[in-house]
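Here's the structure we're looking at; comments come further down.
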Amino acid sequence: MAPFFHLMAIATFWTIALAPMASHAQQQGQVRGQGLPFLQQQAQAPGGAAPGDLRQQMRKFIQSISGFARRYRPGFTILTRGGLELMIKRDPANEERISPSRAYMRSLDGVLVDGLFFGRKVFGEPPRDEVLAFNLKLTDIAKKNGLRVFVVDYGTDPKTVDESHRRNKKRGYISTTVPAPLSELSSLPAYPRIPFGENSKSLNSVSSVQNFAYLANSQAFGRVDEFAMKMHENNFDLIIVDVYHGRKPLSRQAVETLKFKKIGARRLVFARVDIGTATSYSYFWKPKWREGSPTWINAPVRDDPDRYFVQFWRPEWQRIITGDTKSYIYGAIAQGFDGIVLEGVEEAYRFFESGSQGEDEETAAPAPAAPAAPAAPVAAAPAPAALPATK
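So in our numbering the end of the sequence shown lands on 398, straight run, no missing numbers.
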């Protein structure tokens, strides 16, 4: 496989040919964002299905990502964060009648769930009983269909951490409890000092993982080489990190360093990949792009004006993410990651279903917590030798 940095140098790297957009839409083809109508592609969505069933479109998108990744790297691991309801299909004539979406679940290796027992709506607090019962029904469906269930609960009190671990372990789920919302997480939890289930085993499959760590922002650890070496000083079985260290991508050497525990045993390293939003500082963002231009770029995410919801069913966006050697997914494979965590899944389809960014308890991000370690300021950088820098 060609080194990722050779791929990224091609023609202003990862040039995406934007297909002409439909100039108008049928009334039933509209979707709304922030109260404003956006034009939905009139041609059939990828796979031949009409774009009316947005959840089915997201399933097909994820299945295409999985199929592409596994063709290039057999054994490459695919997790989704959120979107548990994609694992079931509802009877249009009777919403209470559900059936498992087995073809979709076969494209996955596991799911990552936010705030299952603590912190979904109010940081460190349990959800309502009916919400917990519904989510446990879905996580049990995942487990019964051979998927690993990873849980991120929220809290800082050791009692909460211990209780989360006890409840998740009882159900066969792998958990961590973190001190801040995942999007802000820039440090490892202070408690426990040693990961639950720490072991000396080398891992080559997600089925053997006993513990994991998640980091959205690695800049607080210093330079990319410093970050890799500091993370090397722990014994987590799985580390989930961003592809980028600030505006500079992790080097393949850094990813290789992350793959080894302090004791020398092999572990897994997964990359976070958002498939529901695009940021204006991403490598693929073109100077004239903005909300509505191209038409598949929709409203900005609340409290994050540089991030935009995208019409994820559109082939223009899907070509950026997957499908060839210029795509984001191929880049993560060539960079040396063992797998990916697909994010922005549930937020995206719910945004287009509802036309707003309203929260509900089943899907809301955790409330802000006590401040985590501040991230270092992001500085623009020239494209490094290893990977494309963001803008």
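Yeah, the Cβ is synthetic: ideal placement off N, Cα and C, and Gly gets one too.
- Message: Helix, strand or coil for Phe319? Go by DSSP, reduced to three states.
- Response: For the purposes of this step, residue 319 is identified with residue 312 of the sequence shown, where counting begins at 1. Three-state result, Phe319: coil.
- Task: Note down the Cα distance separating Thr184 from Thr163, rounded to an integer number of angstroms.
- Result: What you label residue 184 is simply residue 177 of the sequence shown in a count that begins at 1. What you label residue 163 is simply residue 156 of the sequence shown in a count that begins at 1. Distance between the alpha carbons of Thr184 and Thr163: 8 Å.
- Query: Whose CA, out of Arg259, Val276 and Arg254, lies closest to the CA of Ser209?
  - Reply: Sequence index remark: in the sequence shown, residue 209 carries index 202 (1-based). The shortest Cα separation from Ser209 among Arg259, Val276 and Arg254 belongs to Val276.
- Output the distance between the C-alpha atoms of Ser300 and Tyr315, rounded to the nearest integer angstrom. Mapped onto the sequence shown, residue 300 falls at position 293. Mapped onto the sequence shown, residue 315 falls at position 308. Roughly 12 Å between the two C-alpha positions.
- Use the C-beta contact count for Ser73: other C-beta atoms within 10 angstroms, 16 or more gives buried, fewer gives exposed. Reading the sequence shown from its first residue, position 66 is the one you call residue 73. That one is buried.
- Query: Does the Cβ of Asn211 have 16 or more other Cβ atoms within 10 Å, making it buried, or fewer, making it exposed?
  - Reply: If you number the sequence shown from 1, residue 211 lands on position 204. That one is exposed.
- Residues near Gln318 in its chain [Cβ-Cβ closer than 6 Å; skip 5 each side]: In the sequence shown, counting from the first residue as 1, residue 318 sits at position 311. Once the five neighbours on either side are set aside, the close Cβ partners of Gln318 are Trp303.
- Any idea if Ile247 is buried or exposed, counting beta-carbon neighbours within 10 angstroms, 16 or more meaning buried? Walking along the sequence shown from the start, residue 247 turns up at place 240. By the neighbour-count rule (16 or more Cβ atoms within 10 Å), Ile247 is buried.
- Provide the residue(s) that pair with Phe243 in DSSP beta bridges, ordered along the chain. Along the sequence shown, read from residue 1 onward, the residue named residue 243 stands at position 236. None; Phe243 has no bridge partner.
- Message: Within the continuous alpha helix (DSSP H) that includes Gly74, where are the two ends?
- Response: By 1-based counting over the sequence shown, the position of residue 74 is 67. It spans Leu61 to Tyr79 - the alpha helix (DSSP H) in which Gly74 sits, taken as one unbroken run.
- Query: Just curious, the alpha helix (DSSP H) that Asn101 is in, first and last residue?
  - Reply: The residue you call residue 101 lines up with position 94 of the sequence shown. Asn101 -> not in any alpha helix (DSSP H); beta strand (DSSP E) instead, spanning Asn101 to Pro107.
- Is there at least one Cβ from chain C nearer than 9 Å to Leu210's Cβ? Here chain C cannot be found, since the structure has a single protein chain.
- Task: Out of Thr146, Phe124 and Val262, state which residue places its alpha-carbon closest to the alpha-carbon of Asp136.
- Result: As a working note, residue 136 is residue 129 in the sequence shown. The shortest Cα separation from Asp136 among Thr146, Phe124 and Val262 belongs to Phe124.
- Which parts of the segment 252-294 are runs of the alpha helix (DSSP H), unbroken and 4 residues or longer, counting only runs that do not cross its ends? 259-265
- Query: Where do the ends of the alpha helix (DSSP H) carrying Arg357 lie?
  - Reply: Working through the sequence shown from its first residue, we reach residue 357 at position 350. Counting along the chain, the alpha helix (DSSP H) containing Arg357 begins and ends at Val352 to Ser361.
- Complete runs of the beta strand (DSSP E) confined to the segment 129-190 [at least 3 residues]: 155-161 and 181-185
- Message: Using a Cβ-Cβ cutoff of less than 6 Å, which residues in the same chain neighbour Asp244 once the five nearest sequence positions on both sides are dropped?
- Response: The residue labelled residue 244 in the question sits at position 237 within the sequence shown. Around Asp244: Leu210, Val216, Gln217, Asn218 and Arg274.
- Using the C-alpha atoms, what's the distance from Gly204 back to Arg321? For the purposes of this step, residue 321 is identified with residue 314 of the sequence shown, where counting begins at 1. For the purposes of this step, residue 204 is identified with residue 197 of the sequence shown, where counting begins at 1. In a straight line, the C-alpha of Arg321 is about 42 Å away from that of Gly204.
- Have a look at Phe228 and Ala76 and give me their C-alpha separation to the nearest angstrom. Counted from its first residue, the sequence shown places residue 228 at position 221. Counted from its first residue, the sequence shown places residue 76 at position 69. Going from the Cα of Phe228 to the Cα of Ala76 covers about 30 Å.
- Query: Per DSSP, what kind of secondary structure is Gln41 in: helix, strand or coil?
  - Reply: Residue 41 sits at position 34 when you count from the first residue of the sequence shown. With a pLDDT of only 40 at Gln41, under 50, the local geometry of the prediction cannot be trusted, and no value is derived from it.
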